[in-house]
């Protein structure tokens, strides 16, 4: 009997194994991007060992997870990075990794170009150094371009240039496409979420309503040539749906494994409310994916809540859970960037005095360059108390 | 109303052909929640 | 634009494809193209699995128990898989 209905309905109810997942290998990073979703910078002393990582890969192989997107922090700063990439590909788990390019030497580029099972995403947030370095730090634009040039010279076609869209780079869409074309790369545009350090800069950096509309039009015009990681499904309420599943995959078809083995619904939701378990527990990742009560609740059919009466709900699915959570909006209501304006109305109506949720883990470097806004310093090096510095909030 | 077996087979074929394809494809980059 | 699928040729699943059975059918992921296909019932999975062991796609469908009247629908499914490189014609029978 053929399964009726849409693929998306099926995926919303969750699968026995993720299709792919994000794996943040380390919180260490040579940069301090102002919007870092994982508040990375300093390594956590409790990070998974090489052997523990290999056991996780064995589990992913057994579950037939198709690929992992390895990120961080900057994953290539781990001394065992290549050992783990090779182990994964030797065990039927494809690898895509996100990097700022710092360790992409010509030799590394050659090695990557030779492998069918490893893909690379170079992060860049401005077509010019002025725009990109303001977010990612001085010299980061040059590092990224150098990495792309090396990948291109090594014959790697189709690696990804991955950009987080902000108020300051929406005007550079054509320029980003030109950079990608110049290096034989594929352009990937993703959404800024108010996650990690992103919470501090979101109000200043997220695109305006007019800019969102321009972005949507540009994406529609470029079709499948430009990837989005399905991160703009909230824009589908403007009209024709963008390519992709157009739904939130968190805890249903994807999730995050963090450097200390914590499993979260999504890399944009690093907060105890979205913590499903830890890979070090008995039963490991498989048990967390299949039996966690958080994931069970995410896999219940979505009734839409306050968005149910809006004619656009079927297109936008109420938007991004993480965007709502970290702006203090209820999860069963509109996305803060709802294209109908319901989100900004909700934000305006919210009491300015009520605190928004903050992540309880912060691995930021002690001194973060002051660019767009002031960053509050972390409480203490890797405090054992997960609630250290976390102000109680009503959420 | 009784159907002959031929009519029943025809109805079943129509049901299948009017369904969506037995195969659907999605872009692997189309999973929100992965970098 | 659909190409006519030749049921009488021998076919096989591309070696770069990983097939994952699911309660509803299966997921297919192509490591080269990075595309994901979704087989919506157990029978189409059985057909795809049988391809390599049969001299023709038609024979694979028969082995999987596809009723004659449903063959066009299965041919369309196989055509979609061929267009996304999940399956290809075998050079040796």
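Chains as they are written, first to last, in this note's numbering: chain U, 1 to 395; chain E, 396 to 430; chain G, 431 to 523. From the three backbone atoms N, C-alpha and C, an ideal C-beta is built for every residue, glycine too.
Original post:
Among U/109, U/108, U/145, U/341, which residue has its Cα nearest to the Cα of residue 422 of chain U?
Top reply: Chain U is shown only over 1 to 395; residue 422 of chain U falls outside these bounds and no answer can be derived.
Original post:
Can the beta-carbon of residue 452 of chain G be found closer than 8 Å to that of residue 16 of chain U?
Top reply: yes
Original post:
Which whole runs of the alpha helix (DSSP H) in the region 115-188 of chain U are 4 residues long or more, in chain order?
Top reply: 129-136, 140-153, 173-182
Original post:
So is residue 402 of chain U buried or exposed if we call it buried at 16+ other beta carbons inside 10 Å?
Top reply: Residue 402 of chain U cannot be examined here, being either before or after the span of chain U that is shown, 1 to 395.
Original post:
Around the Cβ of residue 331 of chain U, are there at least 16 other Cβ atoms within 10 angstroms (buried) or fewer (exposed)?
Top reply: exposed
Subject >> Reduced DSSP secondary structure (H/G/I, E/B, other) of residue 273 of chain U >> reply: helix
Original post:
Got a sec? Which residues, its chain only, sit under 6 Å from residue 507 of chain G by beta carbon, not counting five neighbours each side?
Top reply: 474
Original post:
What is the DSSP secondary structure of residue 85 of chain U, reduced to helix, strand or coil?
Top reply: helix
Original post:
Which same chain residues, not among the five before or five after residue 83 of chain U, have their C-beta less than 7 Å away from its C-beta?
Top reply: 50
Subject >> is_contact[residue 313 of chain U, chain G] using C-beta, thresh 8 Å >> reply: no
Original post:
Who are residue 469 of chain G's beta bridge partners in DSSP?
Top reply: E/418, G/456
**OP:** Could you spell out the range, first to last residue, of the alpha helix (DSSP H) harbouring residue 501 of chain G?
**Re:** 501-513
Subject >> Proximal residues to residue 151 of chain U (C-beta, below 6 Å), its chain only, five neighbours per side dropped >> reply: 109, 159
Subject >> Exposed unless 16 or more other CB atoms sit within 10 angstroms - verdict on residue 100 of chain U >> reply: buried
Original post:
So is residue 429 of chain E in contact with chain U if we call contact Cβ pairs under 8 Å?
Top reply: yes
Original post:
Are at least three pairs of beta-carbons, each pair with one atom in the region 172-186 of chain U and one in the region 206-213 of chain U, less than 8 Å apart?
Top reply: no
Subject >> Neighbour-count burial assignment, residue 482 of chain G, 16 or more Cβ in a 10 Å radius >> reply: exposed
Original post:
Would you say residue 421 of chain E reaches chain U, if we count a Cβ-Cβ gap shorter than 8 Å as a contact?
Top reply: yes
Original post:
Taking one C-beta from the region 213-222 of chain U and one from the region 193-202 of chain U each time, how about it: are there three or more such pairs within less than 8 Å?
Top reply: no
Original post:
Between the C-alpha atoms of residue 373 of chain U and residue 275 of chain U, what's the straight-line distance to the nearest angstrom?
Top reply: Here the model assigns residue 373 of chain U a pLDDT of 49, short of 50, so the residue's position is not dependable, and the following value carries that caveat. Their backbone Cα atoms lie some 28 Å apart in a straight line.
**OP:** Could you tell me whether the Cβ atoms of residue 35 of chain U and residue 57 of chain U are closer together than 8 Å?
**Re:** no
Original post:
How big is the Cα-Cα spacing for residue 166 of chain U and residue 190 of chain U?
Top reply: 10 Å
Original post:
Among the residues of its own chain, which have a CB less than 7 Å from the CB of residue 66 of chain U, if the five just before and after it don't count?
Top reply: 19, 20, 94
Original post:
If you draw a straight line from the C-alpha of residue 12 of chain U to the C-alpha of residue 345 of chain U, how long is it?
Top reply: 28 Å
Original post:
Is the region 434-442 of chain G close to the region 485-498 of chain G, with three or more CB pairs under 8 Å?
Top reply: yes
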